[in-house]
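To keep things clear, I will list the structure first and then write my remarks on it.
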Amino acid sequence: MNRETACEAYRRLLVQYPIVDDRRHFLNFHNPFETLILTILSAQTTDRAVNAVRDTLFSRYPTPEELARAEPGEVEPIIKSIGFHRTKARHIVETARKLVSDFGGEVPQTMEELQTLPGVGRKTANIVLSQAFGINVGIAVDTHVRRVSKRIGFTDSTNPAVIERDLMALFPHEVWRDINYLLIRHGRAVCTAQNPKHDRCVVADLCRYCRELRAGKPPDEE
DNA sequence: ATCCCGAGGG
DNA sequence: CCCTCTGGAT
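First residue of the first sequence? That's 151 in the numbering used here, and the numbers climb one at a time after it.
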């Protein structure tokens with residue numbers, strides 16, 4: 151797919167899934183530490199649920215040093231309402247301890263260093279880098295990004311590393327983070343694995359998968 | 001019932 | 001590759 155078509159798809163998805171509202175809460179993060187902790191807590195949960203516990207959490211543990219001194223067991227009840235609270239309590243406490251012991255109490259600014267922190271995978275590291283430091287290192291390819299990119303025709307590959315390179319080549323680096331977000335949202339709401347909702351898809355006319363459907367060709371998906 | 005901007009462990 | 005972790009919103 152050429153860049154103009156890709157950009158047109160990007161513009162339409164941006165209208166369909168407005169980012170400004172959703173991102174407002176990220177912009178209100180006070181510092182990299184809060185950004186990191188809240189992003190870890192955000193995994194598989196809603197922003198609303200995380201926002202509900204942030205004041206209590208940070209009034210009690212405002213810095214890595216203070217969170218590092220806590221026991222996971224005492225953090226657990228504070229974040230109970232977000233789900234996965236046992237795992238996440240352990241992750242954020244151990245992350246705080248590692249910030250203190252390995253990184254001088256600061257949040258590291260590279261993909262590799264961030265991913266050594268408990269509870270921080272590629273996705274979380276990506277979000278922290280872009281939100282806390284404005285560094286757009288790349289595009290995190292999860293199952294949604296993978297499926298949607300292949301269907302629309304942003305890539306021909308199913309290899310996550312190749313998909314990432316294709317997307318990075320197709321879009322200007324200022325919008326990588328947006329693209330990541332938009333493809334995920336589109337994959338969840340419309341371009342679902344089973345029974346994709348073509349009638350509600352704003353890029354259907356640009357989509358390779360839809361074109362093949364209309365041509366009567368069964369699109370091959372692996 | 002189904003989903004949430006996943007990560008870690010087997 | 002698979003599985004588990006978890007409560008809340010819709």
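Backbone N, C-alpha and C define an ideal beta-carbon position, used for all residues, glycine too.
State yes or no: is the C-beta of residue i within less than 8 Å of the C-beta of residue j?
i: ARG327; j: PRO310; result: no
i: HIS323; j: ASN286; result: yes
i: VAL243; j: VAL225; result: yes
i: ALA159; j: LEU356; result: yes
i: ALA290; j: ASN330; result: yes
i: ARG358; j: ILE302; result: yes
i: GLU166; j: VAL325; result: Checking the sequence, you will find Gln at residue 166 rather than Glu. No, the pair does not count as a contact, with Cβ atoms beyond the cut-off.
i: PRO182; j: ALA246; result: no
i: LYS273; j: ASP252; result: no
i: ARG204; j: ILE228; result: no
Excluding the five sequence neighbours on either side, which residues of its own chain have a C-beta within less than 8 Å of the C-beta of residue i, listed in chain order?
i: VAL250; result: PRO214, GLU215, ALA218
i: GLN194; result: GLY233, PHE234
i: GLY255; result: THR213, PRO214, GLU215, LEU249
When burial is assigned at 16 or more other CB atoms within 10 Å of the CB, is residue i buried or exposed?
i: GLU143; result: This structure does not reach residue 143, given that the chain is present from 151 up to 372, and the question cannot be answered.
i: SER299; result: buried
i: LYS367; result: exposed
i: GLN344; result: exposed
i: ALA156; result: buried
i: GLY269; result: buried
i: GLY288; result: buried
i: ASP316; result: buried
i: PRO258; result: buried
i: PRO346; result: buried
i: VAL312; result: exposed
With a CB to CB cut of under 7 Å and the five nearest residues on each side skipped, what residues in its chain are close to residue i?
i: PHE208; result: GLU184
i: HIS294; result: LEU333, ILE334, GLY337, ARG338
i: PHE388; result: Residue coverage of the chain in this structure runs from 151 to 372, which leaves residue 388 outside it and unanswerable.
i: ALA354; result: HIS348, CYS360
Closer than 7 Å: is that where the CB of residue i sits relative to any heavy atom of the ligand PLP?
i: LEU164; result: Ligands in the displayed structure: none, and consequently the ligand PLP is not present.
Can you give me the Cβ contacts of residue i inside the same chain, cut-off strictly under 6 Å, excluding the 5 residues immediately before and after it?
i: PRO222; result: ALA239, ARG240, VAL243
Exercise for the section: Output the residue ranges of the alpha helix (DSSP H) runs that lie fully inside the region 272-332 and measure 4 residues or longer, sorted by chain position. Expected result: Assignment of alpha helix (DSSP H) within the region 272-332, counting only whole runs of 4 or more residues, yields 272-283, 293-302, 310-320 in chain order.
Practice task
Inspect the CB distances between the region 271-284 and the region 184-198 and report whether three or more fall short of 8 Å.
Solution key: These segments touch.
Practice task
Ignoring anything shorter than 4 residues or poking outside the region 151-223, list the alpha helix (DSSP H) runs there in chain order.
Solution key: Whole alpha helix (DSSP H) segments, 4+ residues: 153-166, 169-177, 182-192, 197-210, 214-218.
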